[in-house]
Amino acid sequence: MLIGFNQAESHHIVAIEECPIAAAGIMARLPAIRTIAAAIAINAEAFRISVLETQTGLDLAVDGIKSLSDKQRRSTIETVLSLRGIARLSLNGEILVEPAKPIIDFGGVLVAPPPGAFTQATKQAEDAMAELVTAHVGKAKRIADLFAGSGTFSLRLARIGRVHAVESEDKPLAALDHAARNTQGLKPVTIERRDLFRRPLMAQELKVYDAVVFDPPRAGAEFQCKELARSQVKKIVAVSCNPLTLARDLAILVDGGYRITRVTPIDQFLWTSHAEVVAVLEK
């Protein structure tokens, strides 16, 4: 059995014993991850394990396997329970075992993310992006956070003003809502489940916001930006991991009368050709 990463531009798996850019807590538990993978791998082909370091231990999310037999499921659960430092193991979004509820910290707000939840690649980059986003939003009283996920930006922005968080997936949105309701000192946070690719917030809906933040998947936010371009929102902060779609989206906003006032690249994906970008626009 091999446990490692895909070779560049390939499905070939390169086995690893160490990784200088992975979180130390993950590498310290690599033998445990290997043991769990071995329990799952019986009669299975290649599969993927996403590993998130949390305050209560590692959160392991497995996908690429349709199901486990009852016997294999029991064996895998027993294996996890025999190991230290594992908070949760899930398979295709289903929790198999959860010795401790995974907890992550978004700027002092504690969040219990769902299995396989999207997070930024590194805590350092997340903090840098969040600092930029909150600084550029400034003193806005009403803020819309689009593609909000589990609240990476929303929960920090709620220390500044009222936040409306929009996200297409219900489980991350529920985690965000629970965290907001159980944290003192935040301004009101409202949530909306909405597919912004199919149903972007319209210009008329956007008129109540002083600032809008959006952090879409790699495909960008073309249709949402067309509505933003028609709006009178004073400030927009765009976050992107894909410079190509970001350039397209910014062009739409500029054509709609916005000025790009600042662009900041963040080297989140060390030793790769990828980068994160935070752009600020004003009208």
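Numbering (this note's numbering), first residue to last: -10 to 272. Built from N, CA and C at the ideal position, the CB exists for glycine as well. On a predicted model such as this, the values are computed, not experimentally measured, just so you know.
- Residues of the same chain with a CB within less than 7 Å of the CB of Ile180, apart from the 5 flanking positions on each side, are Ala154, Leu162, Leu165, Asp166 in chain order.
- Ser262 is the residue among Gly246, Gly96, Ala192, Ser262 whose C-alpha sits nearest the C-alpha of Asn231.
- Of the other Cβ atoms in all chains shown, 16 or more fall within 10 Å of the Cβ of His125; this residue is therefore buried.
- Between the alpha carbons of Leu259 and Ile10 lies a distance of about 7 Å.
- Secondary structure note for His153: its beta strand (DSSP E) is the uninterrupted segment 151 to 156.
- Between the beta-carbon of Leu146 and that of Asp134 there is about 6 Å, and that keeps the pair under the 8 Å contact cut.
- Every unbroken stretch of the beta strand (DSSP E) spanning 3 or more residues and falling wholly within the region 241 to 269 is given here in chain order: 248 to 255.
- The Cβ atoms of Leu41 and Asp48 sit closer than 7 Å to each other.
- Taking C-beta separations shorter than 7 Å and ignoring five residues to either side along the sequence, the partners of Ala119 in its chain run Gly96, Thr141, Phe142, Arg145, following chain order.
- Annotation for Ile132: Val126, Leu146, Ile149, Gly150, Arg151, Val152, His153, Tyr198, Asp199, Ala200, Val201, Val202 place their beta carbon closer than 8 Å to its own, counting only its chain and skipping 5 residues before and after.
- Each of Glu34, Pro102, Leu72 was checked against the Cα of Ile92, and the nearest Cα belongs to Pro102.
- When rounded, the separation of the alpha-carbon atoms in Asp204 and Ser64 is 40 Å.
- Here the C-alpha atom of Tyr247 lies approximately 21 Å from the C-alpha atom of Leu185.
- DSSP places Val126 in the uninterrupted alpha helix (DSSP H) bounded by 112 to 126.
- Residue burial is scored here from C-beta neighbours: Lys130 has fewer than 16 other C-beta atoms within 10 angstroms and is therefore classed as exposed.
- In the DSSP assignment, the residues bridged to Arg37 are Asp52.
- The DSSP-derived three-state label of Ser64 is helix.
- Sequence-distant Cβ neighbours of Ser139 in its own chain, meaning closer than 7 Å and more than five residues away, are Val100, Pro102, Ala106, Pro161, Ala164, Leu165.
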